[in-house]
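*Asks:* Attaching a single structure in structure tokens format; questions to follow.
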Amino acid sequence: MLREKGQRFEFVKGPSLLEAAADGGMHMLKYIKDLLLEDEITKYALARAASRGDTAVVQYFLDQGCDPNTKYNDMSYLDIAVTASYSEAAIATLDLLLRYDADINQLTGHYAEYYEFEFPDGKGNRLSDGERVSRIVRFLIERGADPHPDSSPWARKVLTTAARREFMPVLRCMLDAIAAREGSSFDDLVRTIDFIKDVKSPKPCVCYVVAEDPLVMLDRHYWRAKYPVPP
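Numbering-wise (our numbering), the sequence shown opens with residue 12 and increments by one.
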């Protein structure tokens, strides 16, 4: 309002201004439109918005010409978007970046720890670890992420985390994607299951007994899928 009345302001380009404006949302960003440059400050502000799942601010930066494939601190915006607290926000931000031609092959799993925490789902419910992770992983695979640990650093890190935390929905999702991939062989599944077994941490002593090793269940699941028993 003061600017519209002719009041002059002297803006000092720096992290505090751009970060505060990005955190303030769209109604603040419009006041610093002329300061948006493809530099580390802008990259940082875009990364902050992606980590919050703030799609309006992320789209604003992209519309201003920010490259979705530019990395911040050697991390892709896709990897950063995974850290949004709600799975819906993470998926919406990932979808937005991909629609602006972010390269799915830039996924590295750098923030692998964010594939294992429990967060609310945004609707007052608590998601189990595996449920939240499987939503994000399934979306990324549907959009072209490589699920095979032999060829994908992202897949290696996600599988490692899921194996150690025994996220069965995630392991099944990754294995299903490998089995469905064109040209995939049975040996691909065997190597992946062996990879999961190799990275799986030994379980500490606990006061209850697990009736069956989850990885044994996975083995059985895929033998039955490959060699179904007639009814």
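Beta carbons are placed, not taken as given, at the ideal position from N, Cα and C, and that holds for glycine.
Inspect the beta-carbon positions of residue 83 and residue 54 and report whether they are closer than 8 Å.
*Replies:* Here residue 83 corresponds to residue number 72 of the sequence shown, with the count starting at 1. Here residue 54 corresponds to residue number 43 of the sequence shown, with the count starting at 1. Yes, Cβ-Cβ distance for residue 83 and residue 54 is below 8 Å.
*Asks:* Which residue marks the beginning of the alpha helix (DSSP H) containing residue 63, and which one marks its end?
*Replies:* The residue given as residue 63 occupies position 52 in the sequence shown. Residue 63 -> alpha helix (DSSP H) spans 51 to 63.
*Asks:* In terms of alpha-carbon separation, which member of 144, 93, 156, 147 lies closest to residue 192?
*Replies:* Numbered from its first residue, the sequence shown carries residue 192 at position 181. Out of 144, 93, 156, 147, 156 has the C-alpha closest to the C-alpha of residue 192.
*Asks:* Between the beta-carbon of residue 88 and the beta-carbon of residue 58, is there less than 8 Å?
*Replies:* Walking along the sequence shown from the start, residue 88 turns up at place 77. Walking along the sequence shown from the start, residue 58 turns up at place 47. Contact flag set, yes.
*Asks:* Based on DSSP bridge pairs, tell me the residues matched to residue 83.
*Replies:* Taking the first residue of the sequence shown as position 1, residue 83 is located at position 72. The partner list for residue 83 (beta bridge, DSSP) reads 86.
*Asks:* In angstroms with no decimal places, state the Cα-to-Cα distance between residue 209 and residue 183.
*Replies:* Numbered from its first residue, the sequence shown carries residue 209 at position 198. Numbered from its first residue, the sequence shown carries residue 183 at position 172. Going by the C-alpha atoms only, they are around 17 Å apart.
*Asks:* Quick check: what's the CA-CA separation for residue 173 versus residue 164?
*Replies:* To locate residue 173, count along the sequence shown from 1; it is residue 162. To locate residue 164, count along the sequence shown from 1; it is residue 153. Cα-Cα distance, rounded: 14 Å.
*Asks:* For a test of the three-state rule: what should DSSP assign to residue 137, helix, strand or coil?
*Replies:* Sequence index remark: in the sequence shown, residue 137 carries index 126 (1-based). Only weak support exists for where residue 137 lies, its pLDDT of 42 falling under 50; the value from the coordinates is given anyway. In this structure, residue 137 counts as strand in the three-state DSSP scheme.
*Asks:* Between residue 105 and residue 92, how many whole angstroms is the CB-CB distance? I'm expecting something under 8 Å.
*Replies:* As a first step, residue 105 is located in the sequence shown; it is residue number 94 there, counting from the start. As a first step, residue 92 is located in the sequence shown; it is residue number 81 there, counting from the start. Correct: roughly 5 Å between the Cβ atoms.
*Asks:* Taking the CB atoms as reference points, tell me whether residue 102 and residue 147 lie closer together than 8 Å.
*Replies:* For the purposes of this step, residue 102 is taken as residue 91 along the sequence shown, with counting starting at 1. For the purposes of this step, residue 147 is taken as residue 136 along the sequence shown, with counting starting at 1. Against a cut-off of 8 Å, the Cβ pair of residue 147 and residue 102 comes out as a contact.
*Asks:* By the three-class DSSP mapping on this structure, what secondary structure does residue 150 have?
*Replies:* Counting from one through the sequence shown, the residue named residue 150 turns up at place 139. The answer is helix: DSSP assigns residue 150 an H, G or I state.
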